[in-house]
Amino acid sequence: MTHQSGIRVSQELADLFANSVAKGDLRIIRVSIINESLVSNGTQNVTGLWDSDFAKVREFLDEEKPCYILYRLDSKSSTGNYEWLFLAYVPDNAKVRDKMLYASTRATLTKDLGDSRFVDSMYGTAMEEFSLEGYQKHKLHQQAEAPLTQREKELAEIRIAEANANSFSTSARKAHVTGIAFPISDEAIDAIKSLGKEFNFVQLSLDIANEKILLASADKIEIDDLAKSLPTDAPRFSFFAYNHNFEGQNFESIVFIYTCPTSSKIKERMLYSSCRGSVISLGESEAKLIIDKKLETNDPSDLTKSYIMGELHPISQTPVKMFSRPRPRPPGRRGPGEV
4 MTHQSGIRVS
14 QELADLFANS
24 VAKGDLRIIR
34 VSIINESLVS
44 NGTQNVTGLW
54 DSDFAKVREF
64 LDEEKPCYIL
74 YRLDSKSSTG
84 NYEWLFLAYV
94 PDNAKVRDKM
104 LYASTRATLT
114 KDLGDSRFVD
124 SMYGTAMEEF
134 SLEGYQKHKL
144 HQQAEAPLTQ
154 REKELAEIRI
164 AEANANSFST
174 SARKAHVTGI
184 AFPISDEAID
194 AIKSLGKEFN
204 FVQLSLDIAN
214 EKILLASADK
224 IEIDDLAKSL
234 PTDAPRFSFF
244 AYNHNFEGQN
254 FESIVFIYTC
264 PTSSKIKERM
274 LYSSCRGSVI
284 SLGESEAKLI
294 IDKKLETNDP
304 SDLTKSYIMG
314 ELHPISQTPV
324 KMFSRPRPRP
334 PGRRGPGEV
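Spelled out as structure tokens, the structure:
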């Protein structure tokens, strides 16, 4: 199993969640990163129906400290166990390192506890978002992400054209680039700036509902793990710092990778494609990256070591000189200097 930040689920949390799935007595489990481990540091028993209990979520949130909330629904899976929501809360006032750590550990938590246990997930930066009304808005956004009609496509193209003349600002920066320029989170920028130092692989995703570029993961990986570090059902932007040797010379190459699986949603493909240029520009301007190669693929499995080496160091095709036999001169003509 690949762990994005190296942090693991504690055995106590794993046991607590397994028992809660089976028994259904807990409504809320708060999870925090403490001493490089994912642990439970707060629970709430079921007191009513799932929607009436939802108001209790905010009691577990702090204005400056990120956390995850595991929330038990009243519905059950085909196996008879209760289904769960996964809520990720990373407040704007949190420390930058905490933001990066929690953003890059989300996938680890759900994988270790069992992705199939969670029927939905929600990410937010404000306590107000984690209300029943906020969750209902989240569900409406999901339902609206159906395949686009022709009219919706036309409106999206109009929006892209309008965005070309504007810029979207973050708290301390503006990006003037071609295409849509969604604001990029501070933890995403900080992770890109750490590329080649603390991390060699930084993966970004679009929060389409909130129109923002987020940090999906930041990790140190081997090149052979690159393909399996990327989802096969959703687009991603990635920066990969590849230290390697070629023909006796050491290289530190920065590769930008845009993956867009054919199984991803139409709206996702359109927006990711439109944001591609802005993400590259942000990497070059904000993080001062010198990108050696830009790659794009529909299938992450294409990203093998041999493929990337071939793109970074293409074999030069030197044309082979062929011997050309002199053409015979017509009879009766003499060349220069002939007697």
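The opening residue of the sequence shown carries number 4 in this note's numbering; numbering runs sequentially from there.
All C-beta atoms, glycine included, are put in the ideal place defined by N, C-alpha and C.
All values derive from a computational prediction rather than experimental measurement.
### Query
Going by other Cβ atoms of all chains shown within 10 Å of its Cβ, with 16 needed for buried, is residue 129 buried or exposed?
Counted from its first residue, the sequence shown places residue 129 at position 126. Exposed, because fewer than 16 other Cβ atoms sit within 10 Å of the Cβ of residue 129.
### Query
residue 15 by DSSP, collapsed to three states: which one?
Numbered from 1 along the sequence shown, position 12 holds the residue referred to as residue 15. Residue 15: helix per DSSP, three-state reduction.
### Message
Below 8 Å on the Cβ atoms is my contact criterion, and I expect residue 104 with residue 36 to pass it. Report the Cβ-Cβ distance as a whole number of Å.
### Response
The residue labelled residue 104 in the question sits at position 101 within the sequence shown. The residue labelled residue 36 in the question sits at position 33 within the sequence shown. Correct: roughly 6 Å between the Cβ atoms.
### Query
Around the C-beta of residue 96, are 16 or more other C-beta atoms found within 10 angstroms, so that it is buried, or is it exposed?
Translated into positions along the sequence shown, residue 96 becomes position 93. Exposed is the call here.
### Query
Going by DSSP, what residues sit across from residue 137 in a beta bridge?
Here residue 137 is taken as the residue at index 134 of the sequence shown, counted from 1. For residue 137, which the question treats as bridged, DSSP gives no partner whatsoever.
### Query
Nearest to residue 264 by CA position, among 284, 244, 233, is which residue?
Looking up residue 264 in the sequence shown gives position 261. Residue 264 has its Cα closest to that of 233, out of 284, 244, 233.
### Task
Output the distance between the C-alpha atoms of residue 137 and residue 131, rounded to the nearest integer angstrom.
Counting from one through the sequence shown, the residue named residue 137 turns up at place 134. Counting from one through the sequence shown, the residue named residue 131 turns up at place 128. Distance between the alpha carbons of residue 137 and residue 131: 7 Å.
### Message
Using only CA atoms, which one of 29, 223, 21, 41 lies nearest to residue 12?
### Response
In the sequence shown, counting from the first residue as 1, residue 12 sits at position 9. Residue 41 is the option with its Cα nearest to residue 12.
### Task
Kindly give me the distance between the Cβ atoms of residue 306 and residue 260, rounded to whole angstroms, as I take these residues to be in contact under 8 Å.
Position 303 of the sequence shown holds residue 306. Position 257 of the sequence shown holds residue 260. About 7 Å; that satisfies the 8 Å criterion.
### Task
With distances taken Cα to Cα, identify the nearest neighbour of residue 47 among 23, 29, 61, 62.
In the sequence shown, counting from the first residue as 1, residue 47 sits at position 44. Ranking the options by Cα distance to residue 47, first place goes to 29.
### Beta carbon of residue 144 nearer than 8 Å to that of residue 237
For this step, residue 144 is matched to residue 141 along the sequence shown. For this step, residue 237 is matched to residue 234 along the sequence shown. No, they are not a contact pair.
### Message
Let's test the definition: count the other Cβ atoms within 10 Å of the Cβ of residue 50 and tell me whether it reaches 16, buried, or not, exposed.
### Response
Translated into the one-based positions of the sequence shown, residue 50 becomes position 47. Counting Cβ neighbours within 10 Å, residue 50 comes out exposed, since fewer than 16 surround it.
### Query
Leaving out five residues before and five after residue 180 in sequence, what residues of the same chain have Cβ atoms less than 7 Å from its Cβ?
Indexing the sequence shown from 1 puts residue 180 at position 177. A caution first: residue 180 carries a pLDDT of 37, below 50, which makes its placement in the model unreliable, though a value can still be read off. Counting only Cβ-Cβ distances below 7 Å, and skipping sequence neighbours, we find 280, 281, 284.
### Query
Once you ignore the five residues that flank residue 56 on each side, which residues in its own chain have a CB closer than 8 Å to its CB?
Residue mapping note: residue 56 aligns to position 53 of the sequence shown, counting from 1. Excluding residues within five positions, the ones whose Cβ falls inside 8 Å are 30, 31, 47, 49, 50.
### Query
If we call anything under 8 Å between Cβ atoms a contact, is residue 257 one with residue 240?
As a first step, residue 257 is located in the sequence shown; it is residue number 254 there, counting from the start. As a first step, residue 240 is located in the sequence shown; it is residue number 237 there, counting from the start. In this structure, residue 240 does not lie closer than 8 Å to residue 257 by Cβ.
### Task
Within its chain, find whatever has a CB closer than 8 Å to the CB of residue 15; leave out the 5 residues flanking it on each side and keep chain order.
Residue 15 sits at position 12 when you count from the first residue of the sequence shown. Around residue 15: 42, 43.
### Task
Sort out for me which residues DSSP pairs residue 31 with in a bridge.
Position 28 of the sequence shown, counted from the first residue, corresponds to residue 31. In DSSP, residue 31 forms a bridge with 47, 74.
### Query
Helix or strand or just coil, what does DSSP make of residue 306?
To locate residue 306, count along the sequence shown from 1; it is residue 303. Residue state, collapsed to three classes: coil.
### Message
Are the CB atoms of residue 60 and residue 74 within a distance shorter than 8 Å?
### Response
Sequence index remark: in the sequence shown, residue 74 carries index 71 (1-based). Sequence index remark: in the sequence shown, residue 60 carries index 57 (1-based). Taking 8 Å as the Cβ cut-off, residue 74 and residue 60 qualify as a contacting pair.
### Message
Could you tell me the alpha carbon to alpha carbon distance between residue 85 and residue 253, rounded to whole angstroms?
### Response
As a first step, residue 85 is located in the sequence shown; it is residue number 82 there, counting from the start. As a first step, residue 253 is located in the sequence shown; it is residue number 250 there, counting from the start. Distance between the alpha carbons of residue 85 and residue 253 is about 53 Å.
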